[in-house]
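To start, the structure under review is shown below, and the notes come after it.
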Amino acid sequence: MYIKNIKRGLIVSVQINDKSIPLDPANSDYQKVLDDIIEQGADCFEGDIPEELQAAADAKAATQEEI
Amino acid sequence: MFTAASSSWSSSDYVEFSDVQLELGKIATPFEHRSYGEELASCQRYYYKINSAENNANYQRFAMVNCEDSTNAEALFIHPVTMRASPSLETTTYTGFHIFSANATRQLSSALFIDQSSPYSTGVGLVVASGLTGGYVGLLDADNNKTATIAFSAEL
Numbered sequence: 001m002y003i004k005n006i007k008r009g010l011i012v013s014v015q016i017n018d019k020s021i022p023l024d025p026a027n028s029d030y031q032k033v034l035d036d037i038i039e040q041g042a043d044c045f046e047g048d049i050p051e052e053l054q055a056a057a058d059a060k061a062a063t064q065e066e067i
Numbered sequence: 001m002f003t004a005a006s007s008s009w010s011s012s013d014y015v016e017f018s019d020v021q022l023e024l025g026k027i028a029t030p031f032e033h034r035s036y037g038e039e040l041a042s043c044q045r046y047y048y049k050i051n052s053a054e055n056n057a058n059y060q061r062f063a064m065v066n067c068e069d070s071t072n073a074e075a076l077f078i079h080p081v082t083m084r085a086s087p088s089l090e091t092t093t094y095t096g097f098h099i100f101s102a103n104a105t106r107q108l109s110s111a112l113f114i115d116q117s118s119p120y121s122t123g124v125g126l127v128v129a130s131g132l133t134g135g136y137v138g139l140l141d142a143d144n145n146k147t148a149t150i151a152f153s154a155e156l
């Protein structure tokens, strides 16, 4: 289950076990986070899914549907 | 090249291949003799690890730390080469690390996470229970732990 890392009131990264994942679309772990949100929804996140991640996951899902 | 002590194979025989270059496509390019340093740099574009065990160090120094207040600090890692993307941070358990601050206190870490990451450098947020002083510098060390590692991954 993913956890939000928050600093200065902002989400700075996402944590799963001993791995911290930056919010960078070029990072393959970040893409896995989006895939998990698409597949599992809120079940994969502790608390609510951050808005920006949900928006990125929705955009990725829409792109996949077009393909 | 294969050599064996006798004309038959035994379980202790082996084959060594060298000077082999695998390439994508139909056109072979000249063989490249890359140095160890060149190969290492190419690998570090995707992944590198700072490993206490390799140095046999109980108190491996990982990075300089800036203490922000009594419980928060940030360690800066300048990557040895420009990485493919902003890397993920992979660590052993948090309890394997501590911050040794300029006021000579050793505070066990309770969290390590990416605060800011780019292909060039990564700021790692650190959290301790108490005891740091804002504005002080420190070291992020292994806490008497030879298995502590910090790795950065920007794999495809």
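Just so you know, the protein sequences line up as chains A and B, in that order.
Taking this note's numbering, the leading residue of the first sequence gets 1, the next gets one more, and so forth.
Taking this note's numbering, the leading residue of the second sequence gets 1, the next gets one more, and so forth.
Note that beta-carbon positions come from the ideal geometry of N, C-alpha and C, so glycine has one too.
Bear in mind the structure is a predicted one, so any value in this text is a computation, not a measurement.
- Using a Cβ distance threshold of 8 Å, A85/B and A129/B do not count as a contacting pair.
- Under a criterion of Cβ atoms nearer than 7 Å, the residues of chain A adjacent to T93/B are, in order, D18.
- Per the coordinates, the alpha-carbon of L23/A lies some 7 Å from the alpha-carbon of V12/A.
- Excluding the 5 residues flanking it on each side, F45/A has same chain C-beta neighbours closer than 6 Å at Y2, in chain order.
- Annotation for G37/B: the continuous alpha helix (DSSP H) segment containing it runs Y36 to Q44.
- With fewer than three CB-CB distances shorter than 8 Å, the stretch 139-146 of chain B does not count as touching the stretch 6-21 of chain A.
- The continuous beta strand (DSSP E) containing I6/A extends over residues I3 to K7.
- Interface with chain B (8 Å Cβ-Cβ cutoff): I21/A is included.
- For F152/B, none of the residues of chain A pass the 9 Å Cβ criterion, the least Cβ distance being about 10 Å.
- For the pair of segments examined, the stretch 41-50 of chain B was found to touch the stretch 73-85 of chain B: the number of CB pairs separated by less than 8 Å reaches three.
- Membership of E68/B in any alpha helix (DSSP H) is not indicated, and neither H nor E is assigned to it by DSSP.
- Rounded to whole angstroms, T105/B and E68/B show a C-alpha spacing of 15 Å.
- Under the Cβ criterion of 8 Å, A26/A is counted among the residues facing chain B.
- Contact fails between the stretch 47-57 of chain B and the stretch 115-129 of chain B, because fewer than three Cβ pairs, one in each stretch, are under 8 Å apart.
- For V12/A, the neighbours in chain B by C-beta distance under 8 Å run, in chain order, F113, I114, D115, Q116 and G125.
- Take T91/B, set aside five residues on each side of it, and the residues of its chain with a beta-carbon closer than 6 Å to its own are L112 and I150, in chain order.
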